[in-house]
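Below is one structure, written out as structure tokens, with a few remarks after it.
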Amino acid sequence: MAYMFLKKEIICSLCSDVYTDPVMLHCGHNFCSDCIKSHISKDGRSGIFNCPECKQMSKTKAPLTLNIKLQSIAQNWKSVDNRLRLGEASCTYCLEYPRPAVKICLHCESSLCEKHLEVHSKGPEHSLTNVTSPPQSRVCSVHGDVLKFFCTEDKAVICMQCFIAGSHQGHAVQLLEAASGHRKEELQVMAEHMHTKLRALKERTNALQTVMAGNKAKAEKVKAEIRTVCSGLLTALQEVAAKMETEIKEQEFEVFRVIMDELVSLQDSEEQLSQKIQRVEDLSNQADPVLLLEATKGLTPHGKRQKTGHQVNHTYPQAEIDLLLISLRFTKNFEKFVSLIPTLLFAQCPHLKHKTSILLDFLIASDYLIVSTDCTVVRYTPYKRLPGIIEREQFTTSQVLSKTVFPYGKHYWEVKTDENGVKAVGVAYLSIEKCGREAFIGYNEKSWCLTWGHGYMEACHNSLSTHISCEGPTVTSMGVYLDYDRGQISFYRLCSPVTHLYTFTARFTEPLYAAFYVVDTWIKVNP
1 MAYMFLKKEI
11 ICSLCSDVYT
21 DPVMLHCGHN
31 FCSDCIKSHI
41 SKDGRSGIFN
51 CPECKQMSKT
61 KAPLTLNIKL
71 QSIAQNWKSV
81 DNRLRLGEAS
91 CTYCLEYPRP
101 AVKICLHCES
111 SLCEKHLEVH
121 SKGPEHSLTN
131 VTSPPQSRVC
141 SVHGDVLKFF
151 CTEDKAVICM
161 QCFIAGSHQG
171 HAVQLLEAAS
181 GHRKEELQVM
191 AEHMHTKLRA
201 LKERTNALQT
211 VMAGNKAKAE
221 KVKAEIRTVC
231 SGLLTALQEV
241 AAKMETEIKE
251 QEFEVFRVIM
261 DELVSLQDSE
271 EQLSQKIQRV
281 EDLSNQADPV
291 LLLEATKGLT
301 PHGKRQKTGH
311 QVNHTYPQAE
321 IDLLLISLRF
331 TKNFEKFVSL
341 IPTLLFAQCP
351 HLKHKTSILL
361 DFLIASDYLI
371 VSTDCTVVRY
381 TPYKRLPGII
391 EREQFTTSQV
401 LSKTVFPYGK
411 HYWEVKTDEN
421 GVKAVGVAYL
431 SIEKCGREAF
441 IGYNEKSWCL
451 TWGHGYMEAC
461 HNSLSTHISC
471 EGPTVTSMGV
481 YLDYDRGQIS
491 FYRLCSPVTH
501 LYTFTARFTE
511 PLYAAFYVVD
521 TWIKVNP
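Once you know that position 474 of the sequence shown is 474 in full-length UniProt numbering, the rest is easy, because the numbers rise by one and skip nothing.
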């Protein structure tokens, strides 16, 4: 009531709204500044206007005095009213001036401001809760009573009337405090589950970031190693070029020396001959016969062989660069350079560092396979071979294992084949079955392989197959990399374009052997 009475006292009678810049007339009534000015402009044409409240006359030129006290009250009212409109609860016990509530007593069903909260009962039944929702949300929209219960069947907050005679009659209900407590427990369990999941996600994220950082470091290391190898190859190649340039310059200098010696000799002969020509010409002009004959006693007539003097040699010295010799020396030097390449690559390239020579075990090879005498080629034959003298446990399937065994470490080998037939390359335990379906590599838990042929390729282990998309021509050359200790076996296509095809990850429990399956084709190891 006090709240409504106070509101009436701060309402302008002209605009029916809370005062804005209120001014007071001589009669004591208050109006908004703009409202009374508008009234005066309409009613005060003769210099006099009437008060809208009491009709007392005043002069239009009389000054309008701002009511500072009333202006402050109106501004405070607007502030409180705005909070109430936004859903803020007001204190139940503030009768003259409504203050915003900070707590709600569920027992008293009342809202408390900070002042009344201090003097409110502290008994255990007086449960306090924060003001987190508008006051109208705590009142039943059907019965207008305070919401006190929670219907566990309909998951709805209800009042007493809803439970006694309303739509929730006979339903299982709980007090709001109890229901809220149970829900908080559920939320705590949910939060713990989410925290566990969040920790797992963070661990996964950290693990992936670690893997990413490791791969980045590995990539940088590989790039540096490749730069080192290429730099070494370039240096060695530059040394070959420099050596050949030196040899060519030496040949060029030798040819130049021989030609220069011949030129000097020719120039000397030319000068001597010119002097003789001059003497002969001088004698031929001699008029005195006695003097002419006396002076030419030692001369040999032209056309007769001279026993002394310079002979003109019409053959040329070996004055050419020997291109064949240069070519032979370049070939030898380049062969030395090529022989350095494996040495430079060996330390940097795993497939060379761990390259292993594979020998095929012909004793356990199928009777439909022929193994070469050097044990490096296996070829399929449609005709069954005659049984050997030595009894052995051999494959009935078209397969063969290697003699070479891999009990640990890293190993790399290559195979070559053609575009025909079906083939499989992989690894297996020696304890693999030798006959029946379980004998096929890839179709048991003791073998891992890559099978391809007729435009199809798949990775197989324990009868589980993974299709591999391999564009381009049929694979005729393949590399196999085994890291026994890490439990990985990888397959690489070596024909253009060189591609990683597939990697198995497992935990090996027995020594491994290279395994091969061949039908209507052949396979060569260590090509």
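The beta-carbon is built from N, C-alpha and C at its ideal position, and this holds for glycine as well.
What you are looking at is a predicted structure, and each value in this text was computed from that prediction instead of being measured.
Counting only residues of its own chain and dropping the five nearest sequence neighbours on each side, residue 223 has no CB closer than 6 Å to any other CB. With respect to the 9 Å criterion, residue 474 and residue 452 are classified as neighbours on the basis of their beta carbons.
Exclusion of the five residues before and after residue 519 leaves 380, 398, 421, 422 as the residues of its chain whose Cβ lies within less than 7 Å of its Cβ.
Nearest to residue 39 by C-alpha distance, out of 20, 23, 14, is 14. Assigned with DSSP and collapsed to three states, residue 458 falls in strand.
For the set 425, 199, 19, 406, the Cα lying nearest the Cα of residue 508 is the one of 406.
By DSSP's assignment, residue 151 forms a beta bridge with 156, 173. DSSP places residue 325 in the helix class (H, G or I) of the three-state scheme. With distances taken between CA atoms, residue 338 lies nearest to 237 out of 471, 93, 244, 237. When only Cα atoms are considered, residue 197 and residue 211 end up about 21 Å apart. A buried status is given to residue 147, since no fewer than 16 other beta-carbon atoms sit within 10 Å of its beta-carbon. Contact check for residue 401 against residue 515 passes: the beta carbons are separated by less than 9 Å. When the five nearest sequence neighbours on each side are left out, the beta carbons in the same chain lying within less than 6 Å of the beta carbon of residue 457 are those of 468, 470, in order along the chain. For residue 410, the secondary structure class from DSSP, reduced to helix, strand or coil, is strand.
Note on geometry: alpha-carbon atoms of residue 61 and residue 18 lie some 26 Å from one another.
In terms of Cβ geometry, residue 169 and residue 143 do not form a close pair [threshold 9 Å]. Here residue 439 is buried: its Cβ has 16 or more other Cβ atoms, across all protein chains shown, within 10 Å. The beta carbons of residue 233 and residue 341 sit about 7 Å from each other, so the pair counts as a contact at 8 Å.
The Cβ atoms of residue 424 and residue 464 lie no closer than 9 Å to each other. If you compare the alpha carbons of 322, 283, 16, 226 with that of residue 244, the shortest gap goes to 322. Between residue 404 and residue 366, the C-beta spacing is not below 9 Å. Taking a contact as a CB-CB distance under 8 Å, the pair residue 523 and residue 378 counts as one, their CB atoms being some 5 Å apart.
Straight through space, the alpha carbons of residue 141 and residue 52 are spaced by roughly 42 Å.
Between residue 157 and residue 111, the alpha-carbon positions lie close to 19 Å from each other.
The three-state reading of DSSP puts residue 182 in helix, counting H, G and I together. In the DSSP assignment, residue 483 forms a beta bridge with 410, 488. A residue is called buried once 16 or more other Cβ atoms fall within 10 Å of its Cβ, and residue 512 is buried on that count. Short of 8 Å from the beta carbon of residue 333, and not among the five residues preceding or following it, lie these beta carbons of its own chain, in chain order: 240, 243, 244.
Only residues of its own chain outside the window of five on either side were considered, and among them 22 have a CB closer than 6 Å to the CB of residue 71, listed in chain order. Membership of residue 104 in the beta strand (DSSP E) is indicated by the continuous run 103-105. In the three-state reduction of the DSSP assignment, residue 214 falls in the helix class, which pools H, G and I. Beta bridge pairing from DSSP links residue 425 with 450, 516.
Judged by DSSP in its simplified three-state form, residue 289 adopts helix. When 484, 503, 476 are compared, the shortest CA-CA separation from residue 525 is found for 476.
Taking a contact as a CB-CB distance under 8 Å, the pair residue 172 and residue 152 counts as one, their CB atoms being some 5 Å apart. In this structure, the CA atom of residue 155 is about 11 Å from the CA atom of residue 183.
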